[in-house]
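Mind the numbering: the sequence shown is residues 1 to 507 in full-length UniProt numbering, read in order.
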Amino acid sequence: MKRFAIAADVIDTDALRAELQDGGNGGFCVFEGWVRNRNEGRAVDGLEYEAYAELAQSEGERILAEAGALHGVDDLCCVHRTGHLKVGELAVWIGAASAHRDEAFRACRYVIDALKHRLPVWKKEHYLEGDTAWVACHHAHGEHSRTFAPDYTRQTRLREVGTEGQARLAAARVLVLGAGGLGSPALTYLAGAGVGTLGIVDGDRLEASNLHRQTLYDARDVGLPKATLAARRLAALNPSVTLRTWTEPLHAGNAADVFADFDLVLECTDDMRNRYLSNDAAVVAGIPLILASVYQYEGQLQVVEAGGTPCLRCLWPREPAADAIGSCAANGVLGPTPGVLGAMQAMEALKILLDLPRPREPALLLVDLLQHDLRRLPIDPATGCAEHGGCAAVARKALAEAQRIGDVDRRFTRLDEAAAAGYRLVDVRDAEEIATHPADCATLHIPAAQIAERAAALGEDRCLLFCATGRRSRDAAERLRRQGRGETYSLLGGLAALDTERARTHS
Ligand SMILES: [Zn+2]
Numbered sequence: 001m002k003r004f005a006i007a008a009d010v011i012d013t014d015a016l017r018a019e020l021q022d023g024g025n026g027g028f029c030v031f032e033g034w035v036r037n038r039n040e041g042r043a044v045d046g047l048e049y050e051a052y053a054e055l056a057q058s059e060g061e062r063i064l065a066e067a068g069a070l071h072g073v074d075d076l077c078c079v080h081r082t083g084h085l086k087v088g089e090l091a092v093w094i095g096a097a098s099a100h101r102d103e104a105f106r107a108c109r110y111v112i113d114a115l116k117h118r119l120p121v122w123k124k125e126h127y128l129e130g131d132t133a134w135v136a137c138h139h140a141h142g143e144h145s146r147t148f149a150p151d152y153t154r155q156t157r158l159r160e161v162g163t164e165g166q167a168r169l170a171a172a173r174v175l176v177l178g179a180g181g182l183g184s185p186a187l188t189y190l191a192g193a194g195v196g197t198l199g200i201v202d203g204d205r206l207e208a209s210n211l212h213r214q215t216l217y218d219a220r221d222v223g224l225p226k227a228t229l230a231a232r233r234l235a236a237l238n239p240s241v242t243l244r245t246w247t248e249p250l251h252a253g254n255a256a257d258v259f260a261d262f263d264l265v266l267e268c269t270d271d272m273r274n275r276y277l278s279n280d281a282a283v284v285a286g287i288p289l290i291l292a293s294v295y296q297y298e299g300q301l302q303v304v305e306a307g308g309t310p311c312l313r314c315l316w317p318r319e320p321a322a323d324a325i326g327s328c329a330a331n332g333v334l335g336p337t338p339g340v341l342g343a344m345q346a347m348e349a350l351k352i353l354l355d356l357p358r359p360r361e362p363a364l365l366l367v368d369l370l371q372h373d374l375r376r377l378p379i380d381p382a383t384g385c386a387e388h389g390g391c392a393a394v395a396r397k398a399l400a401e402a403q404r405i406g407d408v409d410r411r412f413t414r415l416d417e418a419a420a421a422g423y424r425l426v427d428v429r430d431a432e433e434i435a436t437h438p439a440d441c442a443t444l445h446i447p448a449a450q451i452a453e454r455a456a457a458l459g460e461d462r463c464l465l466f467c468a469t470g471r472r473s474r475d476a477a478e479r480l481r482r483q484g485r486g487e488t489y490s491l492l493g494g495l496a497a498l499d500t501e502r503a504r505t506h507s
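Next comes the structure, spelled out in structure tokens:
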């Protein structure tokens with residue numbers, strides 16, 4: 001048996017030892033890590049461990065599986081503490097049992113080292129003098145980062161970059177919205193280039209269907225939050241980069257706060273709502289935004305620079321209805337298509353940060369990967385927002401409206417959980433979709449297109465609207481809120497995000 005656990009309580013070593021006892025095991029090796037009273041010359045009073053629980057759990061299980069496979073050991077247990085610990089208290093317990101002594105020793109040793117470098121656990125030391133300090137103890141900021149010196153010579157050799165350009169990159173703070181098909185290459189190149197601070201916003205968990213285009217992840221990560229996974233991968237790629245993560249999606253209520261700490265934003269969600277919201281927030285904040293989107297074998301790229309170039313609303317003043325546009329899930333896509341566009345976004349970001357030559361005329365870049373067609377569609381700065389008081393005024397108004405409507409998204413892992421929480425469930429999909437894919441909970445059916453006319457059927461209840469992906473239901477919920485209906489919400493990610501759905505499609 002192999003068991004890994006993160007524990008908030010005192011570790012019961014007798015119970016763990018009993019779990020590993022087996023008539024076939026002649027060797028048993030235990031490692032106990034205790035809280036020490038000194039570290040780097042300072043007297044320590046106690047410790048506080050904080051973990052990315054889910055990620056720590058999966059990484060811990062992975063380490064035990066590797067140790068077992070490498071050293072032919074079947075019986076391994078490991079428990080890592082979290083929370084406050086006093087000096088002398090047990091922080092980590094590793095037990096390995098095997099037929100012969102040597103395997104148990106080696107497996108135990110492997111787990112000790114791997115935990116230290118890979119487990120996403122941070123410790124805060126409390127010193128006798130009364131102060132505290134966070135001491136990261138996993139690979140991102142551990143021993144590795146102290147010994148690893150990034151080598152940027154391949155890019156500093158460029159006359160336009162040089163050491164001065166590199167210093168600019170190190171000082172830059174770039175926010176990437178969406179760590180998916182576009183975000184994977186964008187983040188990889190920005191971290192590799194040595195951009196000092198990278199922010200990652202992604203509310204999704206990794207799905208198996210993401211792996212063909214989202215190169216930051218691997219098959220073992222399915223089901224885990226992408227922002228956290230991406231940060232782990234990028235920290236391993238370049239330990240000198242400071243990473244900040246948001247595992248909630250951007251919404252009108254948090255956009256200004258999230259944008260406040262960054263100099264440049266890449267919109268990589270390929271979600272229409274998010275594109276408009278980030279456009280408005282970037283224009284209001286006065287920071288450049290690099291937008292990209294993908295449709296089958298084609299892509300679009302637009303750079304919106306503060307106070308200069310036309311914005312997204314200059315081209316398309318209003319966000320199209322959710323059912324008018326598709327997604328990678330609905331339309332299909334080959335991995336390299338977002339790969340190319342995401343890499344172009346990273347290139348545009350580096351061009352802005354390094355002040356490299358760029359086209360003077362504002363344009364929408366259209367990329368057709370089948371026909372090798374790359375076209376610049378000029379944008380007339382005199383039309384669009386210019387006719388309505390300018391980009392900033394238009395963006396401010398749109399943001400205020402979005403804030404007034406509020407965030408309608410609610411996250412649930414099961415529909416009955418929402419029902420138990422007092423939400424009336426409303427299926428806004430079409431009749432054909434419902435017939436082929438019925439929801440496993442009693443609901444009211446009102447197609448999204450009819451929601452406004454049939455709002456009376458909802459009564460005064462608190463409602464949770466849902467569809468396949470969460471886009472149409474969000475649109476419908478916002479339409480109802482605009483009509484003045486208050487307690488109206490939308491299931492974030494739709495049926496595809498539910499646990500039951502995941503179990504069904506993955507089985
Ligand atoms: Zn504009």
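We treat Cβ as the ideally placed atom computed from N, Cα and C, and that holds for glycine.
Quick caveat, the model's predicted, so the values are computed rather than measured.
Contacting residues, own chain, Cβ-Cβ under 7 Å from residue i (five flanking each side not counted)
i: Thr245; result: Ile200, Ala227, Thr228, Ala231
i: Gln483; result: Ala452, Ala455
i: Cys441; result: Leu415, Asp416, Ala419, Leu425
i: His445; result: Asp427, Ile434
i: Leu211; result: Tyr217, Ala219
i: Gln296; result: Asn331, Gly332, Val333
i: Gly286; result: Ala306, Gly307
i: Ala53; result: Ile6
i: Asp461; result: Arg424
i: Ala477; result: Val408, Leu465, Thr488, Tyr489, Ser490
i: Glu143; result: For Glu143, the pLDDT reaches just 45, beneath the cut-off of 50, and the residue's location in the model is therefore unreliable, although a value from the coordinates is still provided. Taken in chain order, the list of residues that qualify is empty.
i: Asp14; result: none
i: residue 567; result: Outside the modelled stretch of the chain, which goes from 1 to 507, sits residue 567, for which no answer is possible.
Spatial neighbours of residue i in its chain, beta-carbon cut-off 6 Å, leaving aside the 5 residues before and after
i: Ala395; result: Asp280, Val283, Val284
i: Ser145; result: With a pLDDT of only 48 at Ser145, under 50, the local geometry of the prediction cannot be trusted, and the value read off the model is given with reservation. Result list for Ser145: Pro239, in chain order.
i: Ile11; result: Val79, Leu90, Trp93
i: Gly95; result: Leu16, Leu20, Val30, Cys77
i: Glu103; result: His71, Gly72, Val73
i: Thr469; result: Gly494, Ala496
i: Phe105; result: Cys29
Beta-carbon gap between residue i and residue j smaller than 8 Å
i: Leu20; j: Glu59; result: no
i: Leu458; j: Arg424; result: yes
i: Ile63; j: Val111; result: yes
i: Leu364; j: Gln302; result: yes
i: Gly203; j: Pro249; result: yes
i: Leu399; j: Ala252; result: yes
i: Ala343; j: Leu190; result: no
i: Gln300; j: Leu369; result: no
i: Tyr489; j: Cys467; result: no
i: Gly26; j: Ala107; result: no
i: Arg411; j: Leu492; result: yes
i: Leu128; j: Ala56; result: no
i: Gly384; j: Leu315; result: yes
i: Arg173; j: Asp263; result: yes
i: Val304; j: Pro288; result: yes
i: Val195; j: Val241; result: yes
i: Pro310; j: Pro359; result: no
i: Lys116; j: Glu48; result: no
i: Phe28; j: Ala97; result: yes
i: Arg481; j: Val408; result: yes
i: Val294; j: Asp261; result: no
i: Gly83; j: Ala8; result: yes
Proximal residues to residue i (C-beta, below 8 Å), its chain only, five neighbours per side dropped
i: Lys2; result: Glu61, Leu64, Ala65, Gly68, Asp74, Asp75, Leu76, Cys77
i: Val161; result: Gln155, Leu354
Integer Cβ distance of residue i from residue j, believed to fall under 8 Å
i: Arg168; j: Leu353; result: 6 Å
i: Leu198; j: Val176; result: 7 Å
i: Gly339; j: Pro185; result: 5 Å
i: Leu291; j: Arg275; result: 6 Å
i: Gly46; j: Val87; result: 6 Å
i: Ala179; j: Leu187; result: 6 Å
i: Arg213; j: Gly335; result: 4 Å
i: Leu234; j: Leu243; result: 6 Å
i: Arg273; j: Arg474; result: 7 Å
* Going along the chain, which residues put their C-beta within less than 5 Å of some heavy atom in ligand 1? -> Cys311, Arg313, Cys314, Cys385, Cys391
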